[in-house]
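*Asks:*
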Amino acid sequence: MKRREDTTTVNRSTRCAIYTRKSTDEGLDLAFNSLDAQREAGEAFVLSRKHEGWTCLEARYDDGGYSGGDIDRPALKRLMIDIEAGLVDAVVCYKVDRLSRSLPDFSRLIEVFDRHRVMFVSVTQPINTADSSGRLMLNVLLSFAQFERELIADRTRDKMAAARKKGKWTGGFPVLGYDVHPDGGKLVVNEEEAEAVRQIFALYLDVGSQQATAAELNHRGWRTKSWMTKDGTPHEGVDFDKNHVARLLSNPLYVGKVGLRGQVFPGEHPAIVDQELYDRVQALLAQNNVSGGAVAKNRYGHLLRGLLHCTACGCAMSPSVTRRKGRVHRYYVCGNAAKHGWKSCPHPSLPAGQIEDAVVARIACIGRDPGLLQETLAQLRTIKATRQPALTAERRRLDREVTRLRDRGSDEVQVGRIEARLVEIAEELAVLEGQTIDRRDLARALTLFDEVWGCLFPPEQERVIALLVERVDFDAEREMVAVTFRPTGIRALTEEIADAQEVVA
């Protein structure tokens, strides 16, 4: 962006943007509110320096109802855009903390101001970033403001922790089975909801799956907790998903306890779930490798996990299991049906074995049918032609994101995840750029697939499908299965199956 040319002209006009902010929206409907008062003070300050060429911009930059703890504010964003466009020479605030209460955020804003030669001025404090003493005072005030903010947060956390250790309810969203006492500060049992909670615990033990539990609850028409705030704002319950179920099943509130940083303490409220039932559910959650809604390993060998989609709803179909009379039954459940009820999808669930056999048969027959082989080859070439530009664009976006996160001093774990994805993109692009897809390679890969599939162990079968298949779409209305292949999977599959043949031999 082109920067404004510096000038030594004494009478150069200084265009002043007055920024105002109020943390809450209380009183903003008044004819003359806090934002108006801040702007009036700013206008008077600018007028006092009219002889220096200072003038007020007509544009208003008012953020009513926005915290100073972050910079995600609409008026501030408009101000920064105008600064970068060269429309502002000075930013005027009633007090420093109107711009930001966060020292890191304020420092970043000042860096942008400096880059565009924009000064920052406080009406009620001796701060003007145009001189060194003003900068020193600014840093001192910001440091104290940051310290005060963090001190208040520490005190609040300590107070809540002490209350929880005494078993007290410290607030938050009410949970199914309890209501908040009208006087606040404690939970009382909602008998109707408490019975529903006990049934949910028993249902999970019966079906053994969070996804299946959520689907059954939605099938019954049950919903999550409905409640009302002190000011009368209603919060309606929603359909269950597996995360709702996970949080409910692992909540120690139901056995009369409160949690704090991984520890539990006896609570003041009564339990509504028997400890023995709660312990059995926790054991099953642990057995399924699920804690707080984390995804379980593929214990039951769902071959199309993460690949299968419902054409009617456009949603992924997730693995699910039920237990009946000691036997495990595997299914794939439409995400739309699991969230909004069975009636929302024309075919809400599929027996896993049935759809998996259909997909394997579909892949095998392509290698034996010249017409299907040619159709698949054309599909792969089309995917490759669109995949490369998409990956290149994603790589550019992630590179910018890494730079932004590092500039902000963000968690290296988050940066590491993005860099791991960048490595994956680089590897896939290298394969795509160095690979030509021809009919012979495709026919050889699918012939090998047909020959050795029955000899592979389930984990090897899952890996082969993951190498070869991008996604599978099931059309319940036409009873059709469409398989989309990975353009990088043909050569990898040939090598993988060749290795598997050596092991089997």
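In my numbering, the protein residues as written are 74 to 578. No residue lacks a Cβ here, since even glycine has one placed at the ideal position from N, Cα and C. All of these numbers come straight from a predicted model, not from anything done at the bench.
By alpha-carbon positions, which one of F193, V328, D430 and R296 ends up nearest to E341?
*Replies:* Numbered from its first residue, the sequence shown carries residue 341 at position 268. Ranking F193, V328, D430 and R296 by Cα distance to E341 puts V328 first.
*Asks:* Is R76 helix, strand or coil when you go by DSSP?
*Replies:* Residue mapping note: residue 76 aligns to position 3 of the sequence shown, counting from 1. A caution first: R76 carries a pLDDT of 47, below 50, which makes its placement in the model unreliable, though a value can still be read off. Three-state result, R76: coil.
*Asks:* With three or more beta-carbon pairs closer than 8 Å as the criterion, would you say the segment 412–427 touches the segment 461–468?
*Replies:* Short answer: they don't touch.
*Asks:* How should L103 be labelled, buried or exposed, when 16 other C-beta atoms within 10 angstroms of its C-beta is the threshold for buried?
*Replies:* Numbered from its first residue, the sequence shown carries residue 103 at position 30. So L103 counts as exposed.
*Asks:* If you compare alpha carbons, which of V280, F246, E524 and Y277 is closest to S299?
*Replies:* Translated into positions along the sequence shown, residue 299 becomes position 226. Nearest option by C-alpha distance: F246.
*Asks:* Quick test of your reading: R174 and G142, contact by CB under 8 Å. State the CB separation rounded to the nearest angstrom.
*Replies:* Position 101 of the sequence shown, counting from 1, holds the residue named residue 174. Position 69 of the sequence shown, counting from 1, holds the residue named residue 142. 6 Å between Cβ atoms; contact.
*Asks:* Note the first and the last residue of the continuous alpha helix (DSSP H) segment covering K315.
*Replies:* Sequence index remark: in the sequence shown, residue 315 carries index 242 (1-based). Looking at the DSSP string, the run of the alpha helix (DSSP H) that includes K315 is K315 to L322.
*Asks:* Suppose contacts are defined by Cβ-Cβ distances below 9 Å. Is A437 in contact with W526 by that definition?
*Replies:* As a first step, residue 437 must be located in the sequence shown, where it is residue number 364. As a first step, residue 526 must be located in the sequence shown, where it is residue number 453. Yes.
*Asks:* Please return the same chain residues whose Cβ sits closer than 6 Å to the Cβ of M301, not counting the five positions on each side in sequence.
*Replies:* Counting from 1 along the sequence shown, the entry for residue 301 is found at position 228. Same-chain partners within the cutoff: P307.
*Asks:* Under 9 Å, do G115 and V165 count as touching if we go by C-beta distance?
*Replies:* Walking along the sequence shown from the start, residue 115 turns up at place 42. Walking along the sequence shown from the start, residue 165 turns up at place 92. Going by C-beta atoms, G115 is nearer than 9 Å to V165.
*Asks:* Who does N201 pair with in a DSSP beta bridge?
*Replies:* Translated into the one-based positions of the sequence shown, residue 201 becomes position 128. Looking at the DSSP assignment, N201 forms a beta bridge with V194.
*Asks:* Tell me which residues share the same chain as V488 and place their Cβ nearer than 8 Å to its Cβ, disregarding the 5 neighbours each side in the sequence.
*Replies:* Here the question's residue 488 lines up with position 415 in the sequence shown. V475, L478 and R479.
*Asks:* Using a Cβ-Cβ cut-off of 6 Å (strictly less than) and excluding sequence neighbours within five positions of L120, which residues of its own chain qualify?
*Replies:* Taking the sequence shown and counting its residues from 1, the one referred to as residue 120 is at position 47. No residues qualify anywhere along the chain.
*Asks:* Hey, S393 and Q534 are a contact pair by Cβ (cut 8 Å); roughly how many whole angstroms apart?
*Replies:* By 1-based counting over the sequence shown, the position of residue 393 is 320. By 1-based counting over the sequence shown, the position of residue 534 is 461. Between Q534 and S393 the Cβ distance is about 20 Å, and since that is not below 8 Å, they are no contact.
*Asks:* Helix, strand or coil: which one does DSSP assign to T82?
*Replies:* By 1-based counting over the sequence shown, the position of residue 82 is 9. Its pLDDT being 43, under 50, T82 is placed unreliably by the model, and the measurement read from it follows with that caveat. DSSP places T82 in coil when its eight states are reduced to three.
*Asks:* Using 8 Å for Cβ pairs, my map puts T582 next to A163. What's the rounded Cβ distance?
*Replies:* With the chain represented from 74 up to 578, any question about residue 582 goes unanswered, as that position is not in the structure.
*Asks:* Considering only residues of the same chain and omitting the five flanking positions on each side of T128, which have a CB-CB separation below 8 Å?
*Replies:* Here the question's residue 128 lines up with position 55 in the sequence shown. Cβ within range, chain order: S86, T87, R88, C89 and V119.
*Asks:* Looking only at C-alpha atoms, which of P199, K412, V161 and A275 sits nearest to H189?
*Replies:* Translated into the one-based positions of the sequence shown, residue 189 becomes position 116. Taking only the C-alpha atoms, the option nearest H189 is V161.
*Asks:* Look at L326 and L260 and say whether their C-beta atoms are less than 9 Å apart.
*Replies:* In the sequence shown, counting from the first residue as 1, residue 326 sits at position 253. In the sequence shown, counting from the first residue as 1, residue 260 sits at position 187. Taking 9 Å as the Cβ cut-off, L326 and L260 qualify as a contacting pair.
*Asks:* Roughly how far, in whole angstroms, is the beta-carbon of V406 from the beta-carbon of A288, given that I think they are within contact range, below 8 Å?
*Replies:* Along the sequence shown, read from residue 1 onward, the residue named residue 406 stands at position 333. Along the sequence shown, read from residue 1 onward, the residue named residue 288 stands at position 215. Indeed, because the Cβ distance is near 5 Å, the residues count as touching under 8 Å.
*Asks:* List the whole-angstrom C-beta distance separating N291 from K412, where the pair is believed to meet the contact cut-off of C-beta under 8 Å.
*Replies:* In the sequence shown, counting from the first residue as 1, residue 291 sits at position 218. In the sequence shown, counting from the first residue as 1, residue 412 sits at position 339. Sure, about 7 Å apart at Cβ, within 8 Å.
*Asks:* Residue range of the alpha helix (DSSP H) that E543 falls in?
*Replies:* As a working mapping, residue 543 is identified with position 470 in the sequence shown. Here E543 belongs to no alpha helix (DSSP H); instead the beta strand (DSSP E) covers V542 to D548.
*Asks:* Please state whether the Cβ-Cβ distance between G374 and C388 is less than 9 Å.
*Replies:* Looking up residue 374 in the sequence shown gives position 301. Looking up residue 388 in the sequence shown gives position 315. Contact flag unset, no.
*Asks:* I'd like to know whether the C-beta atoms of D472 and L502 end up nearer to each other than 9 Å.
*Replies:* Working through the sequence shown from its first residue, we reach residue 472 at position 399. Working through the sequence shown from its first residue, we reach residue 502 at position 429. Not in contact: D472 and L502 (Cβ atoms no closer than 9 Å).
*Asks:* Using 8 Å for Cβ pairs, my map puts A269 next to L249. What's the rounded Cβ distance?
*Replies:* Working through the sequence shown from its first residue, we reach residue 269 at position 196. Working through the sequence shown from its first residue, we reach residue 249 at position 176. Between L249 and A269 the Cβ distance is about 7 Å, and since that is below 8 Å, they are a contact.
*Asks:* Looking at the strands, I want to know which residues DSSP matches up with I154.
*Replies:* Start at 1 with the first residue of the sequence shown, and residue 154 comes out as number 81. Answer is none; I154 lacks a bridge partner.
*Asks:* CA-CA distance, D256 and D135?
*Replies:* Within the sequence shown, numbered from 1, the residue matching residue 256 stands at position 183. Within the sequence shown, numbered from 1, the residue matching residue 135 stands at position 62. Taking the straight line joining both Cα atoms gives about 37 Å.
*Asks:* Going by DSSP, name the residue or residues bridged to W300.
*Replies:* As a first step, residue 300 must be located in the sequence shown, where it is residue number 227. The partner list for W300 (beta bridge, DSSP) reads H308.
*Asks:* Counting along the chain, where does the beta strand (DSSP E) carrying A425 start and finish?
*Replies:* Sequence index remark: in the sequence shown, residue 425 carries index 352 (1-based). That residue, A425, is in no beta strand (DSSP E); its alpha helix (DSSP H) goes A425 to I439.
*Asks:* Quick check: E550 and A410, are their CB atoms within less than 9 Å of each other?
*Replies:* Numbered from its first residue, the sequence shown carries residue 550 at position 477. Numbered from its first residue, the sequence shown carries residue 410 at position 337. In this structure, A410 does not lie closer than 9 Å to E550 by Cβ.
*Asks:* Please say whether A132 and R112 have beta carbons closer to each other than 9 Å?
*Replies:* Locating residue 112 in the sequence shown gives position 39, where the first residue counts as 1. Locating residue 132 in the sequence shown gives position 59, where the first residue counts as 1. In this structure, A132 does not lie closer than 9 Å to R112 by Cβ.
*Asks:* Note down, in chain order, each residue of its chain lying with its Cβ closer than 7 Å to the Cβ of P343, except the 5 sequence neighbours on either side.
*Replies:* By 1-based counting over the sequence shown, the position of residue 343 is 270. Contacts found: V262 and G329.
*Asks:* Would you kindly work out how many angstroms separate the C-alpha atoms of D352 and Y404, rounded to a whole number?
*Replies:* Against the sequence shown, residue 352 aligns to sequence position 279. Against the sequence shown, residue 404 aligns to sequence position 331. D352 and Y404: Cα-Cα distance of roughly 27 Å.
*Asks:* Ordered along the chain, which non-local residues of its own chain (more than five positions away) have a Cβ less than 7 Å from that of E429?
*Replies:* Taking the sequence shown and counting its residues from 1, one reaches residue 429 at position 356. Correct list, in chain order: L376 and L377.
*Asks:* How about M153 and L182: are their beta carbons less than 9 Å apart?
*Replies:* For the purposes of this step, residue 153 is taken as residue 80 along the sequence shown, with counting starting at 1. For the purposes of this step, residue 182 is taken as residue 109 along the sequence shown, with counting starting at 1. The answer is yes: Cβ separation under 9 Å.
*Asks:* With H, G and I counted as helix, E and B as strand and the rest as coil, what does DSSP make of W415?
*Replies:* Position 342 of the sequence shown, counting from 1, holds the residue named residue 415. W415 falls in the helix class under three-state DSSP.
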